[in-house]
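Trainee: Order-wise, the sequence lines are chains G and Z. For the first sequence, our numbering begins at 1 and goes up steadily by one. For the second sequence, our numbering begins at 1001 and goes up steadily by one. All residues carry an ideal CB built from backbone N, CA and C; glycine is no exception. Remember, predicted model here, so these are calculated numbers, not experimental data. Dropping the structure in here first, questions after.
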Amino acid sequence: MSYKEEMYCSKSHEYVVKEDNKYVIGLTDYAIEQLGDIVFLELPSVGDEFEKGETFANIESVKAASEIYMPISGKIVEVNEELPDAPEKLNEDCYEGGWLVKIESDAPESEFDDLLTYDDYKSELE
Amino acid sequence: MVKQTYLHEKHINLGAKMVDFAGWHMPVQYTSIIEEHKTVRENVGVFDVSHMGEVFISGNDATAFLNKVVPQCIDKLPYEKAVYCQLTKENGGLVDDLIIYKLGIENYLIICNASRIDEDVNWLSINQKGYDVEIDNQSHNYSLIAIQGPKAINLMNKMGYDIENQKSFTIKSATLEGIKLLVSRTGYTGEDGFEILVENELAEFIWDKILERGQEFGIKPIGLGARDTLRLEAGLHLYGNDLDETTTPIEADLGWSVPKDKMCEYNGKQVIMDQIKNGTQRKLIGLEMLDKNIPRHEYEVYFLGEKVGKVTSGGIAPTAGKNIAMAYVKNLAEICTDSTVQVMIREKLHDAKVVKRPFIQKRNRV
């Protein structure tokens, strides 16, 4: 799977990418670059359900604390369990090894309306 | 209009991430705050701190005048010595914290916080009445470059620094790269190091030389991000966070910088002496988190279910490997070293141990 080709990005810098019948959610490389050294990550538990736009995780860099929002609604079915113990790994890879959670979602199409392809997301930032 | 130091272009070319700080466009990091922090603890780093203020005080009454505006005994300050002190108000609150250097007979240099230059000069002018003294704000004419870390001395020697055994907290007229300038053995990191006062026109030359000669010692330019983690780990206060016009030196745990036997009057003496004798309502403490959560500026502190204060500076301590904070709390005897308080983080209480500052072993005394 090529993340950057297949993923959709929110304006708050989360990405979502379909993997079989699940969706993988994480933070874009741009977001990680802006945050700098990641030193804390708090992920939800499997089974937790969130609406689109709700805070599902917390991340902190040396400088600041930020919230991470659901790009689409869904139920957590898997979390990247090793990451909270080594959040600095996000600075190296926020995709293959650095995804945050996987969800099951029956979100309506309309929830994707405000999400952008990686290319559009990048050009929007410039 | 945001101001730029004479080294601004250097920072841009080094790829620094820039931020607005105290009215200046300054580098917050060049590569990684943690990497920069470790460079200063293990090798040597160079900082552009030209935003800081330089105010010269001279005239027949210079000593008497400074004695009136700070709690320290300026009359006892030897030639070429530096002393950390605070500009106090009548209520004991602080206009700023600063270092005063004795350059000669009735001739002093004040180095103060960038964000407070105008307030300081204004406050000094207000207090000037009746004193034969000149207050000369030269902040715009000088750049200040700090070299900090265990290998700072090696780098200085490499640059032709011609002073032997300069003691900490002294300032000397020295030669560096063939240029006569003022070098003080001070800093804001808890490490040994130097601060170099250089005329603006020579700032780029000295900066480039430092980076060039520093190569073999593993030098890196260090941004304000690491400057903050370094000073916090060293337990040093930041004006605006840990000190302001409502905090007294005694509340701020700066009693060590307030002589008990100073004879002459100074602004706020009555309040400060009363607090030394009878105690304060609140006190500054050091905290070390007992879980992975990070305490930050403005987070609330609880003790036995009661809100007792606030974190004023907090964050990670990369060298100590802990999450630490300085906080003001109600002055309860039960809140003492090794006792446990809680910090409210994301609407949950997290345990923190009260610890002594600094959070690391300081190595700046030479």
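Quick one: what's W1024(Z) bridged to in DSSP?
Mentor: Its beta-bridge partners are K1003(Z) and F1021(Z).
Trainee: CB-CB under 7 angstroms to K1172(Z), same chain, minus the five flanking residues each way: which ones, in chain order?
Mentor: If we look at K1172(Z) and ignore the five residues flanking it on each side, its Cβ neighbours are E1080, I1163, Q1166 and V1183.
Trainee: If I measure Cβ to Cβ from K4(G) and keep anything under 6 angstroms in the same chain, skipping five residues before and after, which residues do I get?
Mentor: Only Y118 meet the Cβ criterion.
Trainee: Assuming E1090(Z) and R1363(Z) make a contact with CB atoms under 8 angstroms, what is their CB distance in whole Å?
Mentor: Not confirmed; about 38 angstroms, so no contact.
Trainee: Identify the continuous alpha helix (DSSP H) that holds H1037(Z) and give its terminal residues.
Mentor: Where H1037(Z) is concerned, the enclosing alpha helix (DSSP H) stretches over I1033 to E1042.
Trainee: Does any CB atom of chain Z fall closer than 8 angstroms to the CB of A31(G)?
Mentor: No - not a single Cβ of chain Z is within 8 angstroms of the one on A31(G).
Trainee: Spell out whether any CB of chain Z is found under 8 angstroms from the CB atom of V39(G).
Mentor: At least one chain Z Cβ lies under 8 angstroms of V39(G).
Trainee: For N1293(Z) versus G1149(Z), is the C-beta spacing smaller than 8 angstroms?
Mentor: Not a contact, by the Cβ cut-off of 8 angstroms.
Trainee: With a cut-off of 8 angstroms, does the C-beta of I1034(Z) fall near any C-beta of chain G?
Mentor: So yes, I1034(Z) belongs to the interface.
Trainee: Checking 8 angstroms against the spacing of the C-beta atoms, do S73(G) and E33(G) come in under that value?
Mentor: No. Outside cutoff.
Trainee: Exposed or buried, which one is S1078(Z) when buried takes at least 16 other CB atoms within 10 Å?
Mentor: In the sequence under discussion, the amino acid at residue 1078(Z) is Pro, which differs from the Ser named in the question. P1078(Z) is exposed by the Cβ-count criterion.
Trainee: Can you find a CB in chain Z that lies within less than 8 angstroms of the CB of G36(G)?
Mentor: By this cut-off, G36(G) is an interface position.
Trainee: Could you tell me the alpha carbon to alpha carbon distance between L1176(Z) and N1323(Z), rounded to whole angstroms?
Mentor: Going from the Cα of L1176(Z) to the Cα of N1323(Z) covers about 39 angstroms.
Trainee: If you count every other CB in all the chains shown that lies within 10 Å of the CB of Q1270(Z), and 16 or more means buried, which is it?
Mentor: It counts as exposed.
Trainee: Can you confirm whether the stretch 38-51 of chain G touches the stretch 75-90 of chain G when touching is taken to mean that 3 or more C-beta pairs between the two stretches lie within less than 8 angstroms?
Mentor: Counting Cβ pairs under 8 angstroms, three or more are found: they touch.
Trainee: Going by C-alpha to C-alpha distance, which of Y1188(Z), W1256(Z) and D1253(Z) sits closest to V1046(Z)?
Mentor: The shortest Cα separation from V1046(Z) among Y1188(Z), W1256(Z) and D1253(Z) belongs to Y1188(Z).
Trainee: In whole angstroms, what separates the C-alpha of G1015(Z) from that of L35(G)?
Mentor: Straight-line Cα distance between these residues: approximately 16 angstroms.
Trainee: Please return the same chain residues whose Cβ sits closer than 7 angstroms to the Cβ of Y30(G), not counting the five positions on each side in sequence.
Mentor: These residues qualify, in order along the chain: H13 and L125.
Trainee: Could you name the residues of chain Z that V17(G) contacts, counting a contact when the two beta carbons are closer than 9 angstroms?
Mentor: Going along chain Z, no residue has its Cβ under 9 angstroms from V17(G), so there is no contact; the nearest lies around 27 angstroms.
Trainee: Which runs of the beta strand (DSSP E) spanning at least 3 residues fall entirely within the stretch 1092-1127 of chain Z, listed in chain order?
Mentor: Listed in chain order, they are 1094-1104 and 1107-1112.
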